[in-house]
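K.L.:
There's a structure below that I have some questions on.
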Amino acid sequence: MSNQLIKDTTSPKIKTTFFQRLWVIIPVVLLAGLISSLIYNHHAEFSWDSLVAGFDQELLVFFLIGIFAQLVDGTLGMGYGATSTSFLLAYGIPPAISSTGVHVAEMFTTGVSAISHHRFGNINKKLVRHLLIPGVLGSVTGAYLLSDVIDGDVIKPFIAVYMIVLAIIIIRKAAQKNIVKKKTKRLSILASFGGFMDAVGGGGWGPIVTSTLLGRGRNPRYTIGSVNAAEFAVSFASGLTFMLFGGIEGWQVIIGLILGGVIAAPIAAILVNKIQRKPMMIAVGILIVILSLRTLSKLL
3 MSNQLIKDTT
13 SPKIKTTFFQ
23 RLWVIIPVVL
33 LAGLISSLIY
43 NHHAEFSWDS
53 LVAGFDQELL
63 VFFLIGIFAQ
73 LVDGTLGMGY
83 GATSTSFLLA
93 YGIPPAISST
103 GVHVAEMFTT
113 GVSAISHHRF
123 GNINKKLVRH
133 LLIPGVLGSV
143 TGAYLLSDVI
153 DGDVIKPFIA
163 VYMIVLAIII
173 IRKAAQKNIV
183 KKKTKRLSIL
193 ASFGGFMDAV
203 GGGGWGPIVT
213 STLLGRGRNP
223 RYTIGSVNAA
233 EFAVSFASGL
243 TFMLFGGIEG
253 WQVIIGLILG
263 GVIAAPIAAI
273 LVNKIQRKPM
283 MIAVGILIVI
293 LSLRTLSKLL
């Protein structure tokens with residue numbers, strides 16, 4: 003009888019622990035599978051000579067972009083795609099390669115970010131579940147259109163304008179005062195739109211989803227952690243879509259962004275409650291505007 007009581011009281015604890023571990027196990031398994039797939043399908047594209055030759059100034063630039071973009075995203079809950087895409091477009095990288103590079107890199111960086119935010123207790127699991135499926139569906143649709151339907155050269159100026167709009171959203175949210183907490187309705191529509199625009203524009207999940215939720219008075223710590231966790235699934239889905247329909251180009255961009263982002267993700271999860279968000283949001287918004295205007299001036 004006593005043994006039965008012991009079993010009954012311990013089993014819920016075991017069950018809870020297992021489900022908690024899934025938040026780490028799932029990203030790790032998916033990332034391991036992704037790495038294996040990339041090595042199997044693309045190993046012929048790499049040789050020792052090409053890898054050594056690839057470690058040049060450009061790779062360092064993409065590496066630094068990856069660090070900065072992930073620090074922005076992990077601490078503000080927004081801005082990875084907008085920041086990295088703005089830098090890449092300003093550097094002269096075509097939209098399709100920029101968006102593919104950003105989203106394939108995000109498959110890794112958001113995975114590490116999600117694990118880090120889970121480790122530091124920054125995740126509201128109910129919010130993640132509401133954002134997950136609609137965000138994935140929106141991102142897959144957007145990624146398919148960009149890789150198989152839309153001409154990247156035609157859309158490039160529109161993406162630059164879109165980045166300016168995202169920057170204005172970030173600055174506007176930073177300038178808000180006395181935010182009154184309100185119930186957020188239509189989370190599925192918000193997530194679908196955020197996922198779609200993120201895939202087509204190379205950024206937007208954070209500025210659209212995080213800024214809306216924070217503007218409704220949600221707790222910054224749990225909002226940022228939860229949106230980052232959901233972003234892993236969104237980025238993974240769009241990244242796979244880009245790989246299936248458009249192939250993978252721009253390996254230097256991808257490797258640089260991955261290395262920089264993976265290094266910065268745990269640091270950003272620690273800093274999320276230790277920085278002054280408003281000044282940083284304004285600074286990031288102004289930076290994105292400057293980069294996007296530079297891109298537009300080149301095109302015009």
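Taking the numbering used here, I'd label the letters of the sequence shown as residues 3 to 302. Quick reminder that beta carbons are idealized off the backbone N, C-alpha and C, glycines included. Just so we're clear, the structure is a prediction, and the values are computed from it rather than from any experiment.
#1: Please report how far the alpha carbon of residue 72 lies from the alpha carbon of residue 190, in whole angstroms.
#2: Is the beta carbon of residue 284 closer than 9 angstroms to that of residue 64?
#3: Inspect the CB distances between the segment 109-122 and the segment 236-246 and report whether three or more fall short of 8 angstroms.
#4: Between which two residues does the alpha helix (DSSP H) containing residue 256 stretch?
#5: Would you mind reading off the limits of the alpha helix (DSSP H) that contains residue 74?
#6: Along the chain, where does the alpha helix (DSSP H) containing residue 106 start, and where does it finish?
#7: Which complete alpha helix (DSSP H) runs does the segment 210-237 hold, if anything under 4 residues is left out?
#8: Sorted by chain position, which residues of the same chain lie with C-beta nearer than 6 angstroms to residue 292's C-beta, five sequence neighbours on each side aside?
#9: DSSP on residue 127, reduced to helix/strand/coil?
#10: Starting from the C-beta of residue 143, find all residues in its chain whose C-beta is less than 7 angstroms away, skip the five residues before and the five after it, and write them out in chain order.
#11: Mark residue 264 as exposed unless 16 or more other C-beta atoms lie within 10 angstroms of its C-beta, in which case mark it buried.
#12: Do you know whose CA, among 270, 38 and 100, lies nearest residue 250's CA?
#13: Suppose you measure from the CA of residue 233 to the CA of residue 171; what does that come to, to the nearest Å?
#14: Would you give the residue range spanned by the alpha helix (DSSP H) that residue 191 belongs to?
#15: Roughly how far, in whole angstroms, is the beta-carbon of residue 162 from the beta-carbon of residue 66, given that I think they are within contact range, below 8 angstroms?
#16: If contacts are defined as beta-carbon pairs under 8 angstroms, then residue 279 and residue 209 qualify, I think. What distance do you get, rounded to the angstrom?
#17: Report the residue from 188, 84 and 76 whose alpha carbon sits nearest the alpha carbon of residue 268.
#18: Helix, strand or coil for residue 280? Go by DSSP, reduced to three states.
#19: Going by DSSP in three states, residue 151 sits in which element: helix, strand or coil?
#20: Which residues mark the beginning and the end of the alpha helix (DSSP H) in which residue 83 is found?
#21: Roughly how many whole angstroms lie between the Cα atoms of residue 128 and residue 141?
#22: Please determine, among 87, 252, 27 and 34, the residue with the shortest C-alpha to C-alpha distance to residue 121.
#23: If you reduce the DSSP assignment to three classes, tell me which class residue 161 lands in.
#24: Looking at the structure shown, is residue 250 part of a helix, part of a strand, or coil, going by DSSP?
#25: Taking the alpha-carbon of residue 107 as reference, which of 276, 254 and 295 has the nearest alpha-carbon?
#26: Hey, how far is the Cα of residue 119 from the Cα of residue 230?
#27: Within its chain, find whatever has a CB closer than 7 angstroms to the CB of residue 83; leave out the 5 residues flanking it on each side and keep chain order.
#28: Are the CB atoms of residue 146 and residue 297 nearer to each other than 9 angstroms?
#29: Just tell me which of 31, 32 and 70 has its CA closest to the CA of residue 261.
P.N.:
Result, derived from the coordinates:
#1: Between the alpha carbons of residue 72 and residue 190 lies a distance of about 25 angstroms.
#2: no
#3: Under the three-pair Cβ rule at 8 angstroms, the segment 109-122 counts as touching the segment 236-246.
#4: Taken as a continuous stretch (DSSP letters only), the alpha helix (DSSP H) holding residue 256 covers 253-273.
#5: Per DSSP, residue 74 belongs to the alpha helix (DSSP H) from 59-78.
#6: Note, residue 106: alpha helix (DSSP H), 97-121.
#7: 213-217
#8: Result list for residue 292: empty, nothing under 6 angstroms.
#9: helix
#10: 198
#11: With 16 or more Cβ atoms within 10 Å of its Cβ, residue 264 is classed as buried.
#12: Ranking 270, 38 and 100 by Cα distance to residue 250 puts 100 first.
#13: 19 angstroms
#14: Counting along the chain, residue 191 sits inside the alpha helix (DSSP H) bounded by residues 189-203.
#15: Contact flag wrong, Cβ pair sits at about 21 angstroms.
#16: Contact doesn't hold; Cβ gap of about 14 angstroms is too wide.
#17: 76
#18: helix
#19: coil
#20: Per DSSP, residue 83 belongs to the alpha helix (DSSP H) from 82-93.
#21: Spanning the two alpha carbons is a distance of roughly 20 angstroms.
#22: 27
#23: Residue 161: helix per DSSP, three-state reduction.
#24: Assigned with DSSP and collapsed to three states, residue 250 falls in coil, not helix or strand.
#25: 254
#26: 8 angstroms
#27: 104, 200, 204, 205, 206 and 207
#28: no
#29: 70
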